[in-house]
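Using the working numbering, the first residue of the sequence shown is number 109, and each one after it goes up by one.
The block underneath contains the structure these notes are about, expressed in structure tokens.
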Amino acid sequence: MDKTEKLHLMEKILRELDDVVNSQTSLLKKVAQLEAENINLGNSLLDKQLPEIHSKADDALNAASELHEKFTEVKDKFIKDNKLDEVLPAQ
């Protein structure tokens with residue numbers, strides 16, 4: 109795999125990580141909505157289980173966001189180290 113192919117694969121992975129972050133954000137919003145709706149319902153099972161799901165979803169969102177940030181740095185370093193910014197058109 110040449111350097112350009114590797115860069116394109118890195119960019120694809122970053123787009124997919126974006127999708128993961130967006131999905132986790134959506135999941136977190138849905139869980140928060142369920143927690144808000146349960147305020148009126150007052151179901152004890154939901155009171156016990158939803159905060160745990162919320163916490164795990166938040167942890168997953170934070171991990172995915174952090175991975176995206178770190179992998180962006182890896183991609184940027186790869187571009188710089190291989191002087192691909194001089195060869196490839198700006199995106």
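Glycine is no exception: its CB is placed at the ideal position from the N, C-alpha and C atoms.
message: Under DSSP, the alpha helix (DSSP H) around MET109 begins and ends at which residues?
response: Going by DSSP, MET109 is part of no alpha helix (DSSP H) at all; its letter is neither H nor E.
- prompt: Under a CB-based cut-off of 9 Å, is SER163 close to chain C?
  reply: In the structure shown, chain C does not exist; there is a single protein chain.
message: Buried or exposed for ALA157, going by 16 or more other Cβ atoms inside 10 Å?
response: It should be noted that the sequence gives Gln, not Ala, for residue 157. Classification for GLN157: exposed.
- request: To the nearest angstrom, report how far apart ALA165 and GLU174 are at their CA atoms.
  value: Near 14 Å, if we compare the C-alpha coordinates of GLU174 and ALA165.
query: Using CA coordinates, which residue listed in LEU117, ASP110 and GLU143 is at the minimum distance from LYS183?
result: For the residues LEU117, ASP110 and GLU143, the minimum Cα distance to LYS183 belongs to LEU117.
- prompt: Helix, strand or coil for LYS183 per DSSP?
  reply: When DSSP states are grouped into helix, strand and coil, LYS183 belongs to the helix group.
task: Give the C-beta separation of ILE121 and PHE179 to the nearest angstrom, bearing in mind that I take them to be a contact with Cβ-Cβ under 8 Å.
output: Their Cβ separation, rounded to whole angstroms, is 7 Å, which keeps ILE121 and PHE179 in contact under 8 Å.
- prompt: Roughly how many whole angstroms lie between the Cα atoms of SER163 and THR112?
  reply: So the alpha carbons of these two residues sit roughly 39 Å apart.
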